[in-house]
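**Student:**
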Amino acid sequence: MGERNKALMEFLAVYFFWDAYSYVYPLIGRWSLNWNGLLLKLPGTSKEFVLSLLLWTEAHPVIYHVMDTVYRLGFTGVMVLTFTYLLITAPRGSRLLVRAYALSFLILAVIFAVVNVNAPHYIYQDLPRQYPPPSWQARPQFVLPSPHCTIATVSFLFLFRQREKIARLLSILPLLVPPATVLLGEHWVWDAITGIILGTLIWLWLSKKVKTSGGTGIGE
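The numbers in this note's numbering rise by one with no breaks, and the one at position 110 of the sequence shown is 338.
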């Protein structure tokens, strides 16, 4: 099996692992501790703050529609875009990317099985935006760290480290995901921050591991 075929099979396996985890989460997460009370003691979690960001975004239609589009593309779209680009231009890099996604999902799965918080629009249910109802595709417990922001950060770093200008251009999409999640009230600012930190740490760890094992590094 060629490098690209292996990468594709691994990507599909990782993606469907997260789908399967999301589907069975009600069984796995029934003992998960909800920390909404602790979260709401942090700055930037008040209804006034969340609402002010959303209203400001909605008052600027261009920004709102860009952020809305980015958010809708910000998970599966970012994963597929980044993986496809690397699969075409750097098959070995695409397999490293899949490893980063796998590690991200594994860590997130463990966290959400132990503790969880709910999204802003789940706690403040009268926010003036149409949010998807809770379902296996939109678990209200999958919030901190933000899966959107974790995956977006990993994807951004993999793309930005490539030499090609088109990769730098494509990296704009994942770069915009964290602000989109916060401005639209989909995530708390703390979800975005912890997602960015987690994604960065995963990227740094993999990059260091590749260099230590004699590789040339990610994107180098």
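Built from N, CA and C at the ideal position, the CB exists for glycine as well.
When you compare only the Cα positions, how much space is there between L412 and N346?
**Tutor:** The residue you call residue 412 lines up with position 184 of the sequence shown. The residue you call residue 346 lines up with position 118 of the sequence shown. Answer to the nearest angstrom: the Cα atoms are 15 Å apart.
**Student:** Relative to the alpha-carbon of L331, which residue among T428, R258, R232, R396 has its alpha-carbon at the smallest distance?
**Tutor:** If you number the sequence shown from 1, residue 331 lands on position 103. If we check each option's Cα against that of L331, T428 comes out closest.
**Student:** Counting pairs of beta carbons, one from the segment 405 to 422 and one from the segment 295 to 310, are three or more of them closer than 8 Å?
**Tutor:** Touching, per the Cβ criterion.
**Student:** For I316, which option in L432, T381, P368, L236 has the closest C-alpha, if you only look at C-alpha atoms?
**Tutor:** Counted from its first residue, the sequence shown places residue 316 at position 88. Minimum Cα distance to I316 is reached at L236.
**Student:** Assess contact between the segment 344 to 358 and the segment 388 to 398, defined as three or more Cβ pairs (one per stretch) separated by less than 8 Å. Is contact present?
**Tutor:** With a cut-off of 8 Å, the segment 388 to 398 and the segment 344 to 358 do not count as touching, because too few Cβ pairs lie within range.
**Student:** If distances are taken between C-alpha atoms only, which option among A337, P348, L261, W263 comes closest to W476?
**Tutor:** Because residue 476 is not part of the residues shown, which for the chain are 229 to 448, the question remains open.
**Student:** Which runs of the alpha helix (DSSP H) at least 4 residues long sit entirely within the segment 351 to 413? Give them in chain order.
**Tutor:** 375 to 388, 393 to 398, 400 to 411, all fully within the segment 351 to 413.
**Student:** Starting from G255, follow its DSSP beta bridges and name the residues at the other end.
**Tutor:** On the sequence shown, residue 255 is found 27 positions in, with the first residue counted as 1. In the sequence under discussion, the amino acid at residue 255 is Leu, which differs from the Gly named in the question. Per DSSP, none; premise fails for L255.
**Student:** Report the CB separation of D419 from V343 in whole angstroms; it is logged as a contact under 8 Å.
**Tutor:** Position 191 of the sequence shown, counted from the start, is the residue given in the question as residue 419. Position 115 of the sequence shown, counted from the start, is the residue given in the question as residue 343. Not quite, the Cβ-Cβ distance comes to about 13 Å (not below 8 Å), so this is no contact.
**Student:** Below 8 Å between beta carbons: does that hold for Y253 and R396?
**Tutor:** Mapped onto the sequence shown, residue 253 falls at position 25. Mapped onto the sequence shown, residue 396 falls at position 168. The answer is no: Cβ separation not under 8 Å.
**Student:** Looking only at C-alpha atoms, which of L385, S435, A341, P375 sits nearest to S260?
**Tutor:** Within the sequence shown, numbered from 1, the residue matching residue 260 stands at position 32. The shortest Cα separation from S260 among L385, S435, A341, P375 belongs to A341.
**Student:** Between S250, F239, H349, Q369, which has its C-alpha nearest N262's C-alpha?
**Tutor:** Within the sequence shown, residue 262 is the residue found at index 34, counting from 1. The candidate whose alpha carbon is nearest that of N262 is Q369.
**Student:** Assuming L432 contacts V306 (C-beta within less than 8 Å), just tell me the rounded distance between them.
**Tutor:** Walking along the sequence shown from the start, residue 432 turns up at place 204. Walking along the sequence shown from the start, residue 306 turns up at place 78. About 19 Å; that fails the 8 Å criterion.
**Student:** Please list, in chain order, all residues of the same chain as H349 whose beta carbon is under 6 Å from its beta carbon, the five residues on each side excluded.
**Tutor:** Here residue 349 refers to the residue found at position 121 when the sequence shown is read from its first residue. L355, Y359, G413, listed in sequence order.
**Student:** Do L325 and T310 have their CB atoms nearer than 8 Å?
**Tutor:** One-based indexing of the sequence shown puts residue 325 at position 97. One-based indexing of the sequence shown puts residue 310 at position 82. Yes. Within cutoff.
**Student:** Would you kindly work out how many angstroms separate the C-alpha atoms of E286 and E231, rounded to a whole number?
**Tutor:** Mapped onto the sequence shown, residue 286 falls at position 58. Mapped onto the sequence shown, residue 231 falls at position 3. If I take the Cα positions, the gap works out to 45 Å.
**Student:** Counting only the same chain and skipping the five closest in sequence on each side, list residues whose C-beta sits under 8 Å from that of V242.
**Tutor:** Start at 1 with the first residue of the sequence shown, and residue 242 comes out as number 14. Here the set comprises V326, Y329, A330, F333.
**Student:** By the three-class DSSP mapping on this structure, what secondary structure does N346 have?
**Tutor:** Counting from one through the sequence shown, the residue named residue 346 turns up at place 118. In the structure shown, N346 sits in coil (DSSP, three-state: anything other than H, G, I, E or B).
**Student:** Checking the sheet assignment: what are the DSSP bridge partners for L261?
**Tutor:** Taking the first residue of the sequence shown as position 1, residue 261 is located at position 33. DSSP, once it has assigned bridges, lists V343 as partnering L261.
**Student:** Does the beta-carbon distance from K437 to R323 come in below 8 Å?
**Tutor:** In the sequence shown, the residue the question calls residue 437 occupies position 209. In the sequence shown, the residue the question calls residue 323 occupies position 95. No. Outside cutoff.
**Student:** Using the rule of at least 16 other Cβ atoms within 10 Å of the residue's Cβ for burial, across every protein chain shown, is S280 buried or exposed?
**Tutor:** Locating residue 280 in the sequence shown gives position 52, counting from the first residue. Label assigned to S280: exposed.
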